[in-house]
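Engineer: Here it is, the structure, as structure tokens.
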Amino acid sequence: MIATLAFYVFAVILLVSASMVVSARNPVHSVLFLILTFFNAAALFLLAGAEFLAMILVIVYVGAVAVLFLFVVMMLDVNFAQLREGFQRYLPVGATIGVVLLVELFMVLGGWKFAPEAASLRFAPVTPGVHNTAQLGRLLYTDYFLLFQASGLVLLVAMIGAIVLTLRDKGDGRRQDISRQLARTAADTLVMVDVATGAGMKDVGILRPKVAEPEPVAAAHDHGHGGHH
Amino acid sequence: MTWTAMNWTLAVPELVLACCGMGILVFGVLSKRETFQLCSMLTIGAFLLTGVLVLPGAYGVGYSGLFTSDAFSAFVKLLVLVAAALCVVVSLDYNEHVNLRRFEFPVLMLFCTVGMMLMASASNLMTMYVGTELMSLAIYVLAAFARDELRSAEAGLKYFVLGALASGLMLYGISLVYGFSGSMAFDKLAEALADPASASPGLVVGIVFIVAGLAFKVSAVPFHMWTPDVYEGAPTSITAFLGTAPKVAPMALLVRAMATPFGQLLVQWQQLIVLVSIASMLLGSLAAIGQRNIKRLMAYSSIGHMGYVLIGLAAGSVDGIRGVLIYLVTYVFMNVGTFACILAMRRRGKMLEGISDLAGLGRTDPAMALAFAVFMFGMAGIPPLSGFWGKYFIFSAAVQQGMWTLAVIGVLTSVVGAYYYINIVKVMYFDAPEEAFDPRPASLSFVAAVGGLFTTFFFVFPAPVVAAAEAAAKVLFR
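In structure tokens:
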């Protein structure tokens, strides 16, 4: 009874918040609703006995992905009103295609037959006595070991690709050069100035770091280090 | 699950290649100097080593049915490795010249090749998908490798967006097939579908989506839109690569997927393949006529060639599949050779891509003009060059199955296609010569010579290739 009640509560919140994700005007609200959706989905997983998936959903999706979305939405100043501009214009075409697809989908699903053993499997998704983390682990690391490794390679390629396409090492990065830092003395950078009492900085003006200008790269370095002193 | 059932040794070539790739990557990252040339050499070495490991042919099913090693996969893997190795050789000088000398280049090609080998061995829809993604992801990056060039970045982005869409379609198809048949393993699917009447419409829709996803990868009409732009925009060494191995592996996967799990549903997918094939042949031969840029021309040419290859699949017989494999072999060598010539089109240090730039090559560089002419005649299918034999095996298989329409359309379009191939020969030999090209680097001459010799003398020793292709094709029809 309580389980059924809990299911309906979580399911209703899930559906409502999911529809809010697509209908909210403010993209930040969309992401926040998305997080709510994830939490409710996790609760549903828990009810179904898949505690590992529930935790993963919270940790990975709420903890990482949703927060990433939030950052993207807030940092990239995407003009969503502009994106929606074509909506009215394309609505008839889009709606027609959507309806056609829906009809086709129904025609396809008309031939759906459940496998005879599906009903019994549905009531016993978990092998008794085996933890479902262990079951997932066996699937991933034994049965689908090859795919797991291959997916790792896909991620490696993605990483190499991201670095190849975006990293620009022009040699002007402000890297820490410890020997240069240690070789510096106070005399290189500091100037003692006598300032008349009450005159403030008027006479002296703002002093620039005492660096020879000809070498721009070195100048950049010293600028950077100046901050530390 | 016992370790004997894993049979993990079947994948030793892939494992070795992947480990070599990671080794080369670490070496490239750690070394202080510029290591493009050295890493390329190491990559070629890794390809050779892997080829040697593929040769002995340890056959069987491993990784609980995810991975199959048989004569078919060995054939495709060797072809892919040879193509990839030749493409690395081709890129050596070009990348140095256009300032793309970064060690990630060969490494990405290597991982792409791992993906293609996985595709060749896939015997589960999931392996198929992961292999395809590994291949595609590496190519997206490679297409955008000249990141400061607008065209290259555009090519990469275009390919990525459309490729992601195609992957989505394929995944949707896989999910439909899984939902309606209850399995993703090829052998289980074949069992479940042994009676063609048991196939529900949902399953057929799933197959259509899978075909659409793979047709995108082999750039068959109507999923070809990306091809000319990506071919033109990508660095030319990548265009050379795109036209060879990444066409072979998806085609082989399409053949295996259609022949093994869905073999009994021949009637269901045959008309689809026939339509795609006819459309590709027509577009490939007609759209290429107006092209002025040789890379775009090669793009349309590859679309047309994939149309011919699909005839063999549509025939759905051992002979048809044998034709597909032989055609792919001849196509790879002609294509690599042509691109070696295109990469040698450089005048005063500037890369050229116009067909008119070839004017008078017959007088300024007879050797290169001869090689180019051999490839063009080969692609047009003039006997006794290898291109003719590829077409011969394909068309005869179609005729045997009574598919006269396909064969006739194929012959007609190759006559139309011959026009633009031979037009290039005409430009080279009969137009007024322009200033000579810069001296060719040895690596390009080598690849052009390999391709040219294979194309010319294939008819003398066709037996090994034909026998291997026959053995490979028979595996799919046990």
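In order, the protein sequences belong to chains Y and H.
Under the numbering used here, read the first sequence as residues 1 to 229, first letter to last.
Under the numbering used here, read the second sequence as residues 1001 to 1478, first letter to last.
Backbone N, C-alpha and C define an ideal beta-carbon position, used for all residues, glycine too.
(1) Compile a chain-ordered list of the residues in the stretch 1115-1132 of chain H whose CB is closer than 8 Å to at least one CB of chain Y.
(2) By a C-beta neighbour count over all protein chains shown, 10 Å radius and 16 as the cutoff for buried, is V1309 of chain H buried or exposed?
(3) I'd like to know if R1151 of chain H contacts chain Y, where contact means its C-beta is closer than 8 Å to some C-beta of that chain.
(4) Quick check: is the beta carbon of L1017 of chain H nearer than 8 Å to any beta carbon in chain A?
(5) When you compare the CB positions of G1163 of chain H and I1311 of chain H, do they come within less than 8 Å of one another, or not?
(6) So, helix, strand or coil for V1029 of chain H, using DSSP?
(7) Please list the segments of the alpha helix (DSSP H) lying wholly inside the stretch 1099-1149 of chain H, counting only runs of 4 or more residues, in order along the chain.
(8) Enumerate in chain order the residues of its own chain whose CB-to-CB distance from V1177 of chain H is below 8 Å, with the five nearest sequence positions on each side excluded.
(9) Could one say the Cβ of V1012 of chain H lies closer than 8 Å to chain Y's Cβ atoms, at least one of them?
(10) Go ahead and pull the three-state DSSP assignment for F1461 of chain H.
(11) Quick one: list the residues of chain H neighbouring G94 of chain Y, beta-carbon separation under 8 Å, in chain order.
(12) Indicate whether at least one CB of chain H lies closer than 8 Å to the CB of H225 of chain Y.
(13) Kindly say whether M159 of chain Y, judged by its beta-carbon, lies nearer than 8 Å to any beta-carbon of chain H.
(14) Are there three or more Cβ pairs, one per stretch, closer than 8 Å when the stretch 1321-1337 of chain H is compared with the stretch 1411-1421 of chain H?
(15) So what does P1067 of chain H bridge to, in DSSP terms?
(16) Got a sec, what are the start and stop residues for the alpha helix (DSSP H) A1212 of chain H sits in?
(17) For A150 of chain Y and chain H, any beta-carbon pair shorter than 8 Å?
(18) Among residues of its own chain, excluding the 5 on either side of P1013 of chain H, which ones have a beta-carbon nearer than 6 Å to its beta-carbon?
(19) Pick out the complete alpha helix (DSSP H) segments inside the stretch 88-132 of chain Y, 4 residues or longer, and give them in chain order.
(20) With a cut-off of 8 Å, does the C-beta of L1042 of chain H fall near any C-beta of chain Y?
(21) With 16 as the cutoff for other CB atoms within 10 Å, does I2 of chain Y come out buried or exposed?
(22) Under 8 Å by Cβ, that's how I've got D143 of chain Y and S1064 of chain H pegged, so tell me the actual separation to the nearest angstrom.
(23) Compute the Euclidean distance between the alpha carbons of E1470 of chain H and G161 of chain Y, then round it to the nearest angstrom.
(24) Any beta carbon from chain Y within less than 8 Å of E1096 of chain H's own beta carbon?
(25) Please work out which residues of its chain come closer than 8 Å, Cβ to Cβ, to A6 of chain Y, disregarding the five sequence neighbours upstream and downstream, and give them in chain order.
(26) Does L1137 of chain H come within less than 8 Å of chain Y when only Cβ atoms are used?
(27) Given 8 Å as the limit, is there contact between the stretch 1322-1329 of chain H and the stretch 1244-1255 of chain H, that is, 3 or more CB pairs closer than that?
(28) Measure the CB-CB distance between F1216 of chain H and R1322 of chain H and report whether it falls below 8 Å.
(29) What would DSSP say about R25 of chain Y, mapped onto helix, strand or coil?
(30) Can you pull the chain H neighbours of L76 of chain Y, defined as C-beta to C-beta under 7 Å?
(31) Counting contacts by CB-CB distance shorter than 8 Å, is V164 of chain Y in contact with chain H?
(32) Given that a residue counts as buried once 16 or more other Cβ atoms are within 10 Å of its Cβ, and exposed if not, what is I1289 of chain H?
(33) To which residues of the same chain is G1307 of chain H closer than 6 Å at the C-beta, ignoring the five residues directly before and after it?
(34) Roughly how many whole angstroms lie between the Cα atoms of V157 of chain Y and L1137 of chain H?
(35) With 8 Å set as the bound, which would you pick, yes or no: does the beta-carbon of F1241 of chain H sit closer than that to a beta-carbon of chain Y?
(36) Is the stretch 1259-1271 of chain H touching the stretch 1192-1201 of chain H, taking contact as three or more C-beta pairs under 8 Å?
Structural biologist: According to the data block:
(1) Residues G1115, L1118, M1126, T1127, V1130 and G1131.
(2) buried
(3) no
(4) In the displayed structure, chain A is absent; the protein chains listed are Y and H.
(5) no
(6) helix
(7) Fully enclosed alpha helix (DSSP H) runs of 4 or longer: 1104-1121 and 1125-1143.
(8) L1125, M1184, L1189, L1203, G1206, I1207 and I1210
(9) It does not: the Cβ of V1012 of chain H has no partner Cβ on chain Y nearer than 8 Å.
(10) Here F1461 of chain H carries a coil assignment [DSSP, helix/strand/coil].
(11) In chain order: nothing, as chain H lies at least about 16 Å away.
(12) Residue placement at H225 of chain Y is poorly supported in this model, since its pLDDT is 43, which falls under 50; the coordinates are not used for a value here.
(13) Cβ-Cβ to chain H under 8 Å: no for M159 of chain Y.
(14) no
(15) It should be pointed out that residue 1067 of chain H corresponds to Phe in this sequence rather than to Pro. Per the DSSP secondary-structure output, F1067 of chain H pairs in a beta bridge with H:G1062 and H:A1122.
(16) Start and end: P1201 to K1217.
(17) yes
(18) T1050, L1053 and V1054
(19) 118-123
(20) Not closer than 8 Å to any Cβ of chain Y, the Cβ of L1042 of chain H fails to qualify, so no.
(21) Here I2 of chain Y is exposed: its Cβ has fewer than 16 other Cβ atoms, across all protein chains shown, within 10 Å.
(22) 5 Å
(23) 39 Å
(24) Using a CB distance cut-off of 8 Å, E1096 of chain H does not count as an interface residue toward chain Y.
(25) A43 and L47
(26) yes
(27) yes
(28) No; because the gap between Cβ atoms is not below 8 Å, this pair is not in contact.
(29) coil
(30) Within 7 Å Cβ-Cβ: nothing; L76 of chain Y doesn't reach chain H, min ~17 Å.
(31) yes
(32) exposed
(33) Answer for G1307 of chain H: S1277, S1280, M1281 and G1284, listed in chain order.
(34) 7 Å
(35) no
(36) yes
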